[in-house]
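Trainee:
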Amino acid sequence: MSPIRSATVAALASAVLATTLTACQFGGEERDTSPIVIAADLELSGASATVGKAYQRALELKVEQLNSSGALDGRRVELTVKDNRSDASESLRNINDFGADPRVSAIIMGGCNECAVGAVRTIDEKRVPTIALAPSGAVTNPVGQRRYVFKLAPNAADNAAALTGELRRGGAREVGLLHSDDDYGREGLAALQREFAKAGVKVRRVEQVRATDTDVARQVGAVTTGKPDALVLWTPPEQASLAAVAAQAAGFRGSLYLDASAAGDLFLGTAARATERATLVFTQTMVIDDVIATTPAKAARRQWFQDYTARFGGYHGSSSFAADAVQLIADAAVRAGGEPGAVNRDGIRDVLETSQLDGLSGPIRMTPDNHSGLMPQALTTLVARNGRWRLAG
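Reminder that position 308 of the sequence shown reads as 308 in the numbering used here, one-by-one numbering, no gaps.
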């Protein structure tokens with residue numbers, strides 16, 4: 001090789017090496033270290049404040065855990081929370097504010113069905129990816145009109161099928177039904193009627209309760225008239241507890257069956273005696289201390305249960321949904337990419353739409369045709385024993 005050619009090759013090699021070193025040296029400057037801002041619209045006051053505050057605690061704990069884990073490729077999650085006062089109009093104002101804030105990557109909404117359903121149009125217009133913790137199917141259906149809206153909560157059809165199976169196993173042929181006076185309650189009524197028709201279960205009487213009701217004795221008296229084999233409660237936790245106590249006071253001796261929306265605290269408090277031996281369809285995480293952690297997912301659920309209980313002095317069943325929502329959004333923000341420092345809402349939406357996670361609540365699968373991610377396999381059967389929920393069997 002000639003000296004000139006040798007020098008040329010050496011120079012080229014040096015240039016390539018220098019370029020590589022420069023990229024390595026300055027690659028850190030190009031890495032996105034901007035915060036992932038998650039806005040939360042929660043029921044921190046009003047009729048649904050109990051579950052709203054549980055969501056807030058769960059969000060704060062999960063954000064703290066993610067930020068300390070270093071798992072977000074150098075990024076951190078920032079949480080901003082607004083109280084919607086359990087009011088759909090106030091919730092819509094919050095959603096408008098969050099959508100107009102260019103720093104916000106995504107929104108998490110609480111368990112208020114009316115709030116979530118009332119905001120879907122605004123969410124899609126502002127193109128801000130949102131995960132609602134409200135169970136109503138209308139939150140995510142029809143999917144074509146809710147491209148930016150996702151749901152992480154038990155589904156009425158899955159709950160109804162599971163409850164009907166438990167009623168059949170328990171030998172119940174006639175039931176009274178108490179459901180919430182909202183979209184999810186009416187959806188549950190329709191789902192139960194379909195399942196009952198297939199299983200040969202007869203509904204003797206149906207009554208409704210509002211989330212603001214503090215006395216449900218009249219409705220409970222009506223649905224237990226004629227002594228049905230079982231009473232099905234498809235209501236928020238507070239009304240379910242009131243109904244159980246009222247049924248006991250009315251001398252009802254049948255069995256109690258509760259939908260997942262009735263799940264609240266692990267310990268049943270003042271309703272402990274009235275709910276003894278009641279059946280609840282819910283996620284396994286509520287009673288993960290009864291489960292042997294044979295998989296990494298179960299171990300993570302047990303750790304979440306322990307961390308939440310240690311921090312807040314008790315466990316709320318719905319807390320895992322809020323934590324999973326944070327995980328889904330944070331993962332999507334990292335995977336979505338885009339210009340460093342710029343919020344990529346469309347990219348986050350696209351990633352969320354195909355997300356799969358063995359979450360703290362159970363298996364979660366989103367698809368373009370199904371924005372309600374909690375799988376039926378996440379549900380199991382719990383039984384009230386000695387003042388708390390236990391795994392059945």
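For each residue, glycine too, the CB sits at the ideal point set by N, CA and C.
Pull the bridge partners of W389 from the DSSP assignment, please.
Mentor: A384
Trainee: Find the nearest neighbour of H179 within the set T122, T354, R210, judged by alpha-carbon distance.
Mentor: R210
Trainee: Here's a check: name, in chain order, each residue in its chain whose Cβ is nearer than 8 Å to the Cβ of L92, leaving out the five neighbours to either side.
Mentor: C115, G118, A119, T122
Trainee: Starting from the C-beta of K202, find all residues in its chain whose C-beta is less than 6 Å away, skip the five residues before and the five after it, and write them out in chain order.
Mentor: E174
Trainee: Among E90, R388, M109, whose alpha-carbon lies nearest the alpha-carbon of R273?
Mentor: R388
Trainee: Tell me whether A247 sits in a helix, a strand or coil according to DSSP, three-state version.
Mentor: helix
Trainee: Helix, strand or coil for E60 per DSSP?
Mentor: helix
Trainee: By how many angstroms is the C-alpha of D124 removed from the C-alpha of A100?
Mentor: 13 Å
Trainee: Select from A244, I288, W234 the residue whose C-alpha is nearest the C-alpha of G221.
Mentor: A244
Trainee: Do the region 154-162 and the region 181-190 touch if we need at least three Cβ pairs shorter than 8 Å?
Mentor: Touching, yes.
Trainee: Are the region 246-262 and the region 292-300 touching by the rule of at least three beta carbon pairs closer than 8 Å?
Mentor: no
Trainee: Given that a residue counts as buried once 16 or more other Cβ atoms are within 10 Å of its Cβ, and exposed if not, what is F98?
Mentor: buried
Trainee: Specify, as a first and last residue, the run of the beta strand (DSSP E) that Q208 falls within.
Mentor: 202-209
Trainee: In angstroms, rounded to a whole number, what distance separates the CA positions of A330 and K151?
Mentor: 16 Å
Trainee: Sorted by chain position, which residues of the same chain lie with C-beta nearer than 6 Å to E60's C-beta, five sequence neighbours on each side aside?
Mentor: none
Trainee: Quick one: Cα of A378 to Cα of D358, how far?
Mentor: Cα-Cα distance, rounded: 10 Å.
Trainee: Helix, strand or coil: how does DSSP classify S48 here?
Mentor: coil
Trainee: Once the 5 residues before and after D213 are set aside, which same chain residues still bring their CB inside 7 Å of it?
Mentor: Within the same chain, D213 has close Cβ partners Q239.
Trainee: Residues in the same chain with beta-carbon distance under 8 Å from D290, minus the five sequence neighbours each way, listed in chain order, please.
Mentor: Cβ within range, chain order: R390, L391.
Trainee: Under DSSP, the beta strand (DSSP E) around F312 begins and ends at which residues?
Mentor: It is not in any beta strand (DSSP E) - F312 instead sits in the alpha helix (DSSP H) that spans 296-312.
Trainee: Pick out the complete alpha helix (DSSP H) segments inside the region 143-182, 4 residues or longer, and give them in chain order.
Mentor: 156-169
Trainee: With distances taken between CB atoms, is the gap from V37 to G111 smaller than 7 Å?
Mentor: no
Trainee: For D83, name the three-state secondary structure that DSSP assigns.
Mentor: D83 falls in the strand class under three-state DSSP.
Trainee: Within its chain, find whatever has a CB closer than 7 Å to the CB of T275; leave out the 5 residues flanking it on each side and keep chain order.
Mentor: A244, L256, L268, A384
Trainee: Provide the residue span of the beta strand (DSSP E) that contains D41, from first to last.
Mentor: 36-42
Trainee: Secondary structure at N370, three-state DSSP: helix, strand or coil?
Mentor: strand
Trainee: Could you check whether A138 and D87 sit closer than 7 Å to each other, using their CB atoms as the reference points?
Mentor: No.
Trainee: What whole-angstrom Cβ distance do E195 and T164 have, given they're in contact under 8 Å?
Mentor: 4 Å
Trainee: Closest by CA to A40, which one among V326, H371, G264?
Mentor: V326
Trainee: Looking at G264 and P237, is the spacing between their C-beta atoms short of 7 Å?
Mentor: yes
Trainee: In the structure shown, what three-state DSSP assignment does E114 receive?
Mentor: helix
Trainee: Output yes or no for whether 7 Å exceeds the beta carbon distance between A106 and P135.
Mentor: no
Trainee: Mark A336 as exposed unless 16 or more other C-beta atoms lie within 10 angstroms of its C-beta, in which case mark it buried.
Mentor: buried
Trainee: Could you tell me which of T380, K82, H371 sits nearest to A260, measuring between CA atoms?
Mentor: T380
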